[in-house]
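Trainee: I have a structure I would like to understand better, so I am pasting it below and will then ask my questions one at a time.
There are 2 protein chains.
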Amino acid sequence: MSKLTDVPKRILIGRALRSDRLGETLLPKRVALPVFASDPLSSVAYAPGEVLLVLSVAGLSAYHFSPWIAAAVVVLMLTVVASYRQNVHAYPSGGGDYEVAGTNLGRRAGLTVASALLVDYVLTVAVSISAGIENLGSAVPFVVEHKVACAIGVIVLLTLMNLRGVKESGTLFAIPTYVFVTGIFAMIAWGAFRGLVLGDEMRAPTADLEIEPEHPGLAGFALVFLLLRAFSSGCAALTGVEALSNGVPAFRRPKARNAATTLALMGLLAVTMFCGIIALAAVTKVRMAENPAEDLLRDGTPVGADYIQHPVISQVAEAVFGHGSVLFILLAAATALVLFLAANTAYNGFPLLGSILAQDRYLPRQLHTRGDRLAFSNGIVLLAGAAGLLVWVYGADSTRLIQLYIVGVFVAFTLSQSGMVRHWNRLLATETDRTARRHMIRSRAINAFGACLTGLVLVVVLVTKFTHGAWVALLGMCIFYGTMTAIRRHYDRVFEEIAAPEAPGDDMVRPSRVHSVVLVSKIHRPALRALAYAKLMRSDSLEALTVNVDPEETRDLREEWERRGIDVPLKVLDSPYREITRPVIEYVKSLRRESPRDVVSVIIPEYVVGHWYEHLLHNQSALRLKGRLLFTPGVMVTSVPYQLRSSEAAKRRARKRQEWTAPGSVRRGPAERTKETPANSRSDT
Amino acid sequence: MSKLTDVPKRILIGRALRSDRLGETLLPKRVALPVFASDPLSSVAYAPGEVLLVLSVAGLSAYHFSPWIAAAVVVLMLTVVASYRQNVHAYPSGGGDYEVAGTNLGRRAGLTVASALLVDYVLTVAVSISAGIENLGSAVPFVVEHKVACAIGVIVLLTLMNLRGVKESGTLFAIPTYVFVTGIFAMIAWGAFRGLVLGDEMRAPTADLEIEPEHPGLAGFALVFLLLRAFSSGCAALTGVEALSNGVPAFRRPKARNAATTLALMGLLAVTMFCGIIALAAVTKVRMAENPAEDLLRDGTPVGADYIQHPVISQVAEAVFGHGSVLFILLAAATALVLFLAANTAYNGFPLLGSILAQDRYLPRQLHTRGDRLAFSNGIVLLAGAAGLLVWVYGADSTRLIQLYIVGVFVAFTLSQSGMVRHWNRLLATETDRTARRHMIRSRAINAFGACLTGLVLVVVLVTKFTHGAWVALLGMCIFYGTMTAIRRHYDRVFEEIAAPEAPGDDMVRPSRVHSVVLVSKIHRPALRALAYAKLMRSDSLEALTVNVDPEETRDLREEWERRGIDVPLKVLDSPYREITRPVIEYVKSLRRESPRDVVSVIIPEYVVGHWYEHLLHNQSALRLKGRLLFTPGVMVTSVPYQLRSSEAAKRRARKRQEWTAPGSVRRGPAERTKETPANSRSDT
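Top line first, the protein sequences correspond to chains A and B.
The opening position of the first sequence corresponds to residue 1 in full-length UniProt numbering, with each subsequent residue numbered one higher.
The opening position of the second sequence corresponds to residue 1 in full-length UniProt numbering, with each subsequent residue numbered one higher.
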């Protein structure tokens, strides 16, 4: 494992960042911005193109609507950012949309948001990586020729990195994000300078193509529907905005204010970049179509199936910087890298949300404890598997994947904002201070407007995209919702079943005595140790037990027992079928039948070995017996381990595993050290 | 599982046989014959054809050698049967060739035989099922058109049946075997009657074909080599003879004599059937070729790739009984069924041999205990996987698979017979009684002749078949040999490491006191039970331990602890990173550091649930902690189980599983009940 991922890790992350221990410190705004904004900012790499794509259905003339759609997206973006600034102030605990919806609208709303976000994480991986591959492909044709394989390769790489536990570092995010943002702004500025000042004519590589409209002369309702669909696609630019509200605890103080400022900055950057790209696309005459092979014409004939439609950002960059120029290649690389980082964001967000859901018992409890590698690993593998499946099914085509993408985000937006309205209503009911009330009313208005607008967009997205793939996302949400409800129901049932009775001794029979039984097969060190420990325990009675599988071995055991003068009676159980489990279970049951209030303590010597294949060679009967004994009431099962020399290897491995860092720790902020329960306090009652 | 296999099981076995509990009774000869002879007798279904196939390389004229080759096979068969009759008398314990070779020639020879037999079992499955499919295919064309799929289907079916634990019943074997034997004899008799008395001309469906010899006019050394190769192929008829020597304990008394008689009877039947089929094939002019598509000519042109070469037995049956006649179809079905039963034999023999090898610590110990379902399951899956792979790689072509088959058998034959010679030498060295000596000298002569002849055949097989596939079998043997040696070495090393020191307290530090720690997360029934049990144990000190993962929960726990007045001190460990394992391990280590001679007893309340998915939701932290604690010296780990209601389901399943019968029990004979250690005896020392 170590060998396998070190080289790409070094390439992707750089060696020096290893010691960067940001996970334990708080983030200043300049680092928080790239950490949280790589996801929303990277979406400007595909969102403008999606708008043009959809418009092309009505032909080139529909491109004239693109500024209006951009304007609508900008309004929406500003609304959402303004709304979330309220969230951040009101809920600085980092619970995010799930907490807001759950607290204010009830469990079901919370769970719906959680399901939507989980689906969203899967799609973030699928869409971002597909788009990243497409951007990289505009500079390196090989990549786009083997799109699916490359995309799945990147997923595998990210998965391995996260399974190993990469320490997410601010610098890791900062460099590509700032390079990307700078690059886009440089492109916009240089484009504007060339166009407005120098008067250059910049032409995108597709400027000479014509578009054969699928539905020429679209008008009336059909045109409105198409425009709404284009707008829905443009809304992809908003994905990832909600993630910052989970990350407030990671900010430097004043946490809420810094987070809100970062959010505003992020919104501003995103909006400017989005509009700049749309404008440059119009100026450089970028031509994109939903079915480029048929609908794009070169000199009157379709371009054909082997035409590769490059992303809008790379077409614009080519027009502004020139094909193959250093800046062009740098921007393509930075875009791809930021998109991959956005995908990595989901690898962090998924377990983070999982841990919050686990705390509320919607997911297995062990997800709650940080650094539980096994639990996180399962989550990461689940995420990667689902994303990989989507990438494979949809041929790593970001355009088709985006159809699924936006539903989840807007479900979260709408429910979260509605929850915020309730939140302010609740506070207003008791608040008397005038300034505070005015403040709250203002916040409520912002959130109410946000809720209405995002709700409207959700309806638009559902209507325009349902058959295009949104149903897949809804299905995914239902599956998550159903699973989590079932888990919660199970926990509730168990909780009820095991609740301690109020009056002590209510229906719990008080055990009276302990009868200890040491299982022995041979006289060897593990058995002697088990006997020694058992004697220390001073139970009411103690005997050694052996199962007579081989008469000769049993005879030898008896003889040695006597010879050594072991002062514990040895009982031999006959086993005509050479079984071990059944005779022991029967014997234990018979002891319990004789005196039902007694507890039987079964003590099993156990070998501890270092490798799984060694494990196959030992303890198998003991393990099976233990498993069966657990089902027998009134029994306690004790393992007395005997560490073989080879167990050292496993110990070393376990120690190494403990140094693993759970993904997402940088954006979760440091764990709170509590003052209330100082370590090693002892309270006797 | 139950639903899945019940219907085919009923079809294959019939419902009424369920109650047949032959596994617990001894076999009379008339039942033992079909049980043990299905394997060797079924080989006459393919062995004669293989002889013709090889001869065809030299052209039709070489077919004249077939009676001579048949004669050689008969001599060999009679020799082997005579030899094994000596084995059966000398080693009635059922250890078979492995025991004979191991006892007389040393560990390595024994292990070589065991490896050869294990490979042989895999090939028995592959060859028998492929041949069965081919025979069935002569009556049902669909089957042979989807040869590989059908063959793998049968493997899967047999595997499922054996995994579930089919009670092997004598009747199950008796009916198809006797139908098969009767059918073949009826065919030979009716053929002889038609040919000799009625003077009918019976013509096989291939009688009109010509053979284009691959090497026409073969003579001298090349011809001898070809004849030897044909003989080697004919030796396939001998496979399975050795299996009876493992089954002596299953016979009625006098075991050895009955087994020897059965062996003789089996040899006689096999020889007669083999010769009868060869003779009928010659009379009815069966034409077979190694490459039928090219080398068989109809009216001078090759028959082409879609020609299906039916097995010799079905061609002869067609000539004698008529195509599509009831008897023809009955015989084809019985042949296929007997071949499948022969394959099933391997499913029984593999774990049987495995259990003997496990006793000698060449395989994991748990294979030794009967009825250990998990262990047997692994063996069955391994067998099925290897056989399935071979079937797939070799396209379920019995002819190609047979090239691999015979090596293993003859390795076993040769080593076993050599071992017998040593055995008699050893006995003769001390024996003084004249009659006994004469008897032994006679037996030694038979075994010596057997060893020489089978050794010679082994050399012939290796020389003529090595490049045709025998190397694959040898490779398989090496792999088994290597694995088993490594396992034995591991056990020996551990055995040495854990050997009890002679002087008590040699280097084992005697522990002085026990400090008990009960892990508590909440106050619920499992925790209360664990506390109650822990108090009963009267260790030197007792405390409850909780890890502060969530300060609020910890506070609640403390309050309730005090409120309930639990008289055990509660210790709280701080865990800034919400970990559980690490703080507990560190604490236990610190206790051990304070007083190194103390033992720490960690008591963990454990939920017992009924389904694996429930298990994922509970105990995960406890399990991980237990795993880590086992590596910490001076610790004993106690589980106090709390059975949730859902655990009843698992209990029922476990009980059902216990009624499972290990495959191969019928041929292993009943387990010996030993008089020495009566059940529930108690010996206090």
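Using N, Cα and C, we set each Cβ at its ideal position, and we do this for glycine too.
Every value quoted in this text rests on a predicted model; they were computed, and no experiment measured them.
Using a Cβ cut-off of 7 Å (strictly closer), state whether histidine 611 of chain B contacts chain A.
Mentor: Taking the first residue of the second sequence as 1, we reach residue 611 of chain B at position 611. False, the Cβ-Cβ gap to chain A never drops below 7 Å.
Trainee: Of the residues that make up the region 477 to 500 of chain A, which ones have a beta carbon closer than 9 Å to any beta carbon in chain B?
Mentor: Residues passing the 9 Å Cβ filter: Ile487, His490, Tyr491, Arg493, Val494, Phe495, Glu497, Ile498, Ala499 and Ala500.
Trainee: Once DSSP output is grouped into helix, strand and coil, what is the label at arginine 422 of chain A?
Mentor: Counted from its first residue, the first sequence places residue 422 of chain A at position 422. Of the three classes helix, strand and coil, the one that applies to arginine 422 of chain A here is helix, per DSSP.
Trainee: Within 10 angstroms of the Cβ of threonine 182 of chain B, are there 16 or more other Cβ atoms? Answer buried if so, exposed if not.
Mentor: The residue given as residue 182 of chain B occupies position 182 in the second sequence. Burial call: exposed.
Trainee: Beta-carbon of valine 514 of chain B versus every beta-carbon of chain A: anything under 7 Å?
Mentor: Counting from 1 along the second sequence, the entry for residue 514 of chain B is found at position 514. Yes, its Cβ sits closer than 7 Å to a Cβ of chain A.
Trainee: Rounded to a whole number of angstroms, what is the C-alpha to C-alpha distance between valine 179 of chain B and phenylalanine 495 of chain B?
Mentor: Counted from its first residue, the second sequence places residue 179 of chain B at position 179. Counted from its first residue, the second sequence places residue 495 of chain B at position 495. Using only the alpha carbons, I get a separation of about 52 Å.
Trainee: Give the C-beta separation of alanine 58 of chain B and leucine 218 of chain B to the nearest angstrom, bearing in mind that I take them to be a contact with Cβ-Cβ under 8 Å.
Mentor: By 1-based counting over the second sequence, the position of residue 58 of chain B is 58. By 1-based counting over the second sequence, the position of residue 218 of chain B is 218. Going by Cβ atoms, the distance from alanine 58 of chain B to leucine 218 of chain B rounds to 4 Å, so yes, they are a contact pair.
Trainee: Rounded to a whole number of angstroms, what is the C-alpha to C-alpha distance between residue 702 of chain A and serine 595 of chain A?
Mentor: Outside the displayed span of chain A (1 to 685) sits residue 702 of chain A, for which this structure offers no information.
Trainee: Please state the DSSP three-state secondary structure of residue 691 of chain B.
Mentor: With chain B covering only 1 through 685, there is no way to say anything about residue 691 of chain B.
Trainee: From isoleucine 188 of chain B to glutamate 579 of chain A, what distance separates their C-alpha atoms?
Mentor: By 1-based counting over the second sequence, the position of residue 188 of chain B is 188. By 1-based counting over the first sequence, the position of residue 579 of chain A is 579. So the two alpha carbons sit approximately 49 Å from each other.
Trainee: Tell me, please, which residues DSSP counts as bridged to leucine 573 of chain A.
Mentor: As a first step, residue 573 of chain A is located in the first sequence; it is residue number 573 there, counting from the start. For leucine 573 of chain A, which the question treats as bridged, DSSP gives the partners A/Val547.
Trainee: Kindly say whether threonine 103 of chain B, judged by its beta-carbon, lies nearer than 7 Å to any beta-carbon of chain A.
Mentor: Position 103 of the second sequence, counted from the first residue, corresponds to residue 103 of chain B. False, the Cβ-Cβ gap to chain A never drops below 7 Å.
Trainee: Give the secondary structure of glutamine 643 of chain A by DSSP, where H, G and I count as helix, E and B as strand, and everything else as coil.
Mentor: Residue 643 of chain A sits at position 643 when you count from the first residue of the first sequence. It is a strand residue.
Trainee: So, valine 608 of chain A versus histidine 615 of chain A, is the Cβ gap smaller than 7 Å?
Mentor: Residue numbering aside, residue 608 of chain A sits at position 608 when the first sequence is read from its first letter. Residue numbering aside, residue 615 of chain A sits at position 615 when the first sequence is read from its first letter. It is not a contact, given that the beta carbons lie outside the stated cut-off.
Trainee: Pull the bridge partners of phenylalanine 251 of chain A from the DSSP assignment, please.
Mentor: Counting from one through the first sequence, the residue named residue 251 of chain A turns up at place 251. The partner list for phenylalanine 251 of chain A (beta bridge, DSSP) reads A/Leu27.
Trainee: What runs of the alpha helix (DSSP H), each 4 residues or longer, lie entirely inside the region 74 to 114 of chain A?
Mentor: You should have 96 to 105.
Trainee: Kindly give me the distance between the Cβ atoms of alanine 207 of chain A and lysine 285 of chain A, rounded to whole angstroms, as I take these residues to be in contact under 8 Å.
Mentor: Residue 207 of chain A sits at position 207 when you count from the first residue of the first sequence. Residue 285 of chain A sits at position 285 when you count from the first residue of the first sequence. Right, their Cβ atoms sit about 4 Å apart.
Trainee: So with Cβ pairs under 7 Å, would you call methionine 77 of chain A a contact of chain B?
Mentor: On the first sequence, residue 77 of chain A is found 77 positions in, with the first residue counted as 1. No, no contact with chain B.
Trainee: Considering only residues of the region 248 to 287 of chain B, which uninterrupted alpha helix (DSSP H) runs meet the minimum length of 4 residues and lie entirely inside it, listed in chain order?
Mentor: DSSP runs (the alpha helix (DSSP H)) wholly in the region 248 to 287 of chain B: 255 to 283.
Trainee: Please report the Cβ distance between tyrosine 491 of chain B and threonine 112 of chain B, rounded to the nearest whole angstrom; I am assuming they are in contact, meaning their Cβ atoms lie under 8 Å.
Mentor: The residue labelled residue 491 of chain B in the question sits at position 491 within the second sequence. The residue labelled residue 112 of chain B in the question sits at position 112 within the second sequence. Tyrosine 491 of chain B to threonine 112 of chain B, Cβ: 19 Å. No contact.
Trainee: Looking at the unbroken alpha helix (DSSP H) that takes in tyrosine 613 of chain A, where does it start and where does it end?
Mentor: The residue you call residue 613 of chain A lines up with position 613 of the first sequence. From DSSP, the alpha helix (DSSP H) with tyrosine 613 of chain A extends over 612 to 617.
Trainee: List the residues of chain A that alanine 532 of chain B touches, going by C-beta distances under 7 Å, in chain order.
Mentor: For the purposes of this step, residue 532 of chain B is identified with residue 532 of the second sequence, where counting begins at 1. Near alanine 532 of chain B (Cβ distances below 7 Å), the residues of chain A are Arg510 and Pro511.
Trainee: Do you know offhand how far tyrosine 91 of chain A's Cα is from valine 100 of chain A's?
Mentor: Taking the first sequence and counting its residues from 1, one reaches residue 91 of chain A at position 91. Taking the first sequence and counting its residues from 1, one reaches residue 100 of chain A at position 100. Looking at the two C-alpha atoms, the distance is approximately 7 Å.
Trainee: Please list the residues of the region 412 to 444 of chain B that have a C-beta atom closer than 9 Å to any C-beta atom in chain A, keeping them in chain order.
Mentor: Cβ contacts with chain A come from no residue of the region 412 to 444 of chain B.
Trainee: Taking only the alpha-carbon atoms, compute the straight-line gap between leucine 209 of chain A and tyrosine 405 of chain A and give it to the nearest angstrom.
Mentor: Walking along the first sequence from the start, residue 209 of chain A turns up at place 209. Walking along the first sequence from the start, residue 405 of chain A turns up at place 405. Answer to the nearest angstrom: the Cα atoms are 29 Å apart.
Trainee: Where does leucine 22 of chain A fall in DSSP's three states?
Mentor: To locate residue 22 of chain A, count along the first sequence from 1; it is residue 22. Confidence is the limiting factor: at leucine 22 of chain A the pLDDT is only 36, short of 50, which leaves the residue's position unreliable and the question unanswerable from this model.
Trainee: Please look up how many angstroms separate the CB atoms of residue 694 of chain B and alanine 47 of chain B, rounded, as I've assumed it's under 8 Å.
Mentor: In the structure as shown, chain B begins at 1 and stops at 685. Residue 694 of chain B is therefore absent and cannot be evaluated.
Trainee: Report buried or exposed for threonine 301 of chain B, applying the criterion of at least 16 other Cβ atoms within 10 angstroms of its Cβ.
Mentor: In the second sequence, the residue the question calls residue 301 of chain B occupies position 301. By the neighbour-count rule (16 or more Cβ atoms within 10 Å), threonine 301 of chain B is not buried but exposed.
Trainee: Whose CA, out of A/Leu227, A/Asn291 and A/His89, lies closest to the CA of lysine 255 of chain A?
Mentor: Here residue 255 of chain A refers to the residue found at position 255 of the first sequence. Measuring from the Cα of lysine 255 of chain A, the nearest candidate turns out to be A/His89.
Trainee: Measure the C-alpha to C-alpha separation of arginine 426 of chain B and glycine 102 of chain B and round it to an integer number of angstroms.
Mentor: Counting from one through the second sequence, the residue named residue 426 of chain B turns up at place 426. Counting from one through the second sequence, the residue named residue 102 of chain B turns up at place 102. Using only the alpha carbons, I get a separation of about 14 Å.
Trainee: According to DSSP, is tyrosine 307 of chain B helix, strand or coil?
Mentor: Taking the first residue of the second sequence as 1, we reach residue 307 of chain B at position 307. Tyrosine 307 of chain B: coil per DSSP, three-state reduction.
Trainee: Valine 635 of chain B versus chain A: which residues are under 8 Å apart at the beta carbon?
Mentor: For this step, residue 635 of chain B is matched to residue 635 along the second sequence. Correct list: Pro641.
Trainee: I want to see whether chain A comes within less than 7 Å of histidine 524 of chain B, judged by CB atoms only; does it?
Mentor: On the second sequence, position 524 is the one that residue 524 of chain B refers to. It does: the Cβ of histidine 524 of chain B has a partner Cβ on chain A nearer than 7 Å.
Trainee: Please list, in chain order, the chain B residues whose beta carbon lies closer than 7 Å to that of valine 616 of chain A.
Mentor: Your numbering for residue 616 of chain A matches position 616 in the first sequence. Inspection of the sequence shows that residue 616 of chain A is occupied by leucine rather than by valine. Those within 7 Å of leucine 616 of chain A in chain B are Pro364.
Trainee: Chain A beta carbons: is any one of them nearer than 7 Å to that of threonine 638 of chain B?
Mentor: For the purposes of this step, residue 638 of chain B is identified with residue 638 of the second sequence, where counting begins at 1. Chain A contact via Cβ: present.
Trainee: Mind listing the chain A neighbours of valine 599 of chain B? Cutoff is C-beta to C-beta under 7 Å, in chain order.
Mentor: Translated into the one-based positions of the second sequence, residue 599 of chain B becomes position 599. What valine 599 of chain B touches in chain A: Tyr533 and Leu536.
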